[in-house]
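Enquirer: Sequence lines, in order, name chains A and B. Residue 7 in my numbering is what sits at position 7 of the first sequence, and the numbering runs on without skipping anything. Residue 1112 in my numbering is what sits at position 112 of the second sequence, and the numbering runs on without skipping anything. Note that the Cβ used here is the ideal one computed from N, Cα and C, for glycine as well. All figures in this text were calculated on a predicted structure; none of them were measured in a lab.
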Amino acid sequence: MPPTHDPQLLKGVLSLLLLQLLAERESYGYEVVQRLHAIGLTDVLEGTVYPALARLEREGRLAAHLVPSTAGPARKYYLPTAAGYDALAAGAAQWLSLTTLVHGVLSRPVPTSPSKGS
Amino acid sequence: MAPSPSWVDRLRIELVVWTLDQRLYDLPRSARIAHRREVRENLLEAAHDIGGREAIRRLGNSRQLAAEYRAAEFGDGPRHSWVATGVAVATAVLLMTSWLNEAIHAFGDGVRAGQPHATGTFTWAGFRYVQSGVTYAFTDGQWTSTGGAFTPLTWILLAALAVASGRLWRLLPSRGQGASREAASQRG
């Protein structure tokens, strides 16, 4: 069974993940969900991703365009705007800085009992 | 290629899309239509892969989804509601119209009860401040009436009800939002 992830932690970085994935290749909503599942985030549901895409579009970080589909209605493809690339760069730098700090703390060995305060 | 969703799955999907659409009435029409189309298209595609029932399950609760779409459109803070405004004002207008109409009929019927063959013109001042005066034209006990409309004060009260019920003051840009937008534009 694949590992589950804290929804609150995921929610904090979902926008960054979406921007990164869409910067690599433009996609429509369901395809983005499949790509998230493919990298191991199988517990991210469609109902979380679609509003997140709508929010990024409203904020001007994603642009969308319709592409006719042979399988059904036209698909709405998303790709980052210039503001989206800026947000991705800034967000990724903040996230990497934070994870480096957190990793430094959490990778220390845990003592059997806390030392006494001085 | 995976088989097309069955008509039962298509019906299920349409029901979900319709339910979601009913909960997105506060959104601008174009955004509501765009979300509706996108969700339908994505659900149909997911139904190809994993079946309609599972596709709908993975979409989650439509109430929660609608709340997230509204938050995406308007932000996370407290919001106005055009639906609440519409319901409150429509209910108030219907109730008041019904009540004032009953009062107009009661006065006319009262005159006729006193004078079954009344003929002439009668006036009733109506409910003061709420309703304009009513003029009755009687001919052998049969009457017609004119007047009895809402007064300007009534319309002002209805406008106040509209603002209060829909919390429409939230449409005004707050000082904080204005300042943050200004800061963002300076950064940009």
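Could you tell me whether the Cβ of Glu1102(B) comes closer than 9 Å to any Cβ of chain A?
Expert: Taking Cβ atoms only, chain A never reaches closer than 9 Å to Glu1102(B), which makes this a no.
Enquirer: Give the straight-line distance between the Cα atoms of Leu1020(B) and Glu1041(B), rounded to the nearest whole angstrom.
Expert: Taking the straight line joining both Cα atoms gives about 14 Å.
Enquirer: In the DSSP assignment, the alpha helix (DSSP H) including Ser1145(B) goes from what residue to what residue?
Expert: Careful: Ser1145(B) lies outside any alpha helix (DSSP H), inside the beta strand (DSSP E) at 1142-1147.
Enquirer: Leaving aside the five residues before and after Ala1184(B) along the sequence, list all residues of the same chain whose C-beta is less than 6 Å from its C-beta, in chain order.
Expert: In this prediction, Ala1184(B) has a pLDDT of 47, which is less than 50 and means its spatial position is unreliable; what the coordinates show is noted afterwards. Here the set comprises nothing.
Enquirer: For Leu1157(B), which of helix, strand or coil comes out of DSSP?
Expert: Helix at Leu1157(B).
Enquirer: Does chain B have any CB closer than 9 Å to the CB of Tyr85(A)?
Expert: So, not an interface residue.
Enquirer: Tell me, to the nearest whole angstrom, how far the beta carbon of Leu62(A) is from that of Leu22(A); I am working on the premise that it is less than 8 Å.
Expert: Confirmed, Cβ separation roughly 7 Å.
Enquirer: Anything in chain B within Cβ reach of Lys76(A), meaning under 8 Å, just list it in chain order.
Expert: Those within 8 Å of Lys76(A) in chain B are Ala1034, Arg1037, Glu1038, Glu1041.
Enquirer: According to a CB-to-CB cut-off of less than 8 Å, which residues of the stretch 1060-1074 of chain B neighbour chain A?
Expert: Within the stretch 1060-1074 of chain B, the qualifying residues are Gly1060, Asn1061, Gln1064, Leu1065, Glu1068, Tyr1069, Ala1071, Ala1072, Glu1073.
Enquirer: Pull the bridge partners of Leu88(A) from the DSSP assignment, please.
Expert: Answer by DSSP bridge pairing: none, since Leu88(A) is not bridged.
Enquirer: Please decide whether Glu26(A) counts as near chain B, where near means a Cβ-Cβ distance under 9 Å.
Expert: No, its Cβ sits nowhere closer than 9 Å to a Cβ of chain B.
Enquirer: Which residues in the same chain have their Cβ closer than 6 Å to the Cβ of Ala1113(B), if we skip the five residues on either side of it in sequence?
Expert: Here the set comprises nothing.
Enquirer: Please classify Ala63(A): does DSSP put it in a helix, a strand, or coil?
Expert: Strand, per DSSP.
Enquirer: Quick one: using the 10 Å Cβ neighbour count with 16 as the cut-off for buried, is Tyr50(A) buried or exposed?
Expert: Under this definition Tyr50(A) is a buried residue.
Enquirer: Which two residues bound the contiguous alpha helix (DSSP H) that contains Leu1015(B)?
Expert: That run of the alpha helix (DSSP H) goes 1007-1022.
Enquirer: Along chain A, in chain order, which residues have C-beta atoms closer than 9 Å to that of Arg1058(B)?
Expert: Those within 9 Å of Arg1058(B) in chain A are Val33, Leu45, Glu46, Gly47.
Enquirer: Touching or not, the stretch 11-21 of chain A and the stretch 30-47 of chain A, by the rule of three or more beta carbon pairs under 8 Å?
Expert: Yes: at least three Cβ pairs fall under 8 Å.
Enquirer: So, using beta-carbon positions, are Ala83(A) and Gly60(A) closer together than 9 Å?
Expert: For Ala83(A) and Gly60(A), yes; Cβs fall inside 9 Å.
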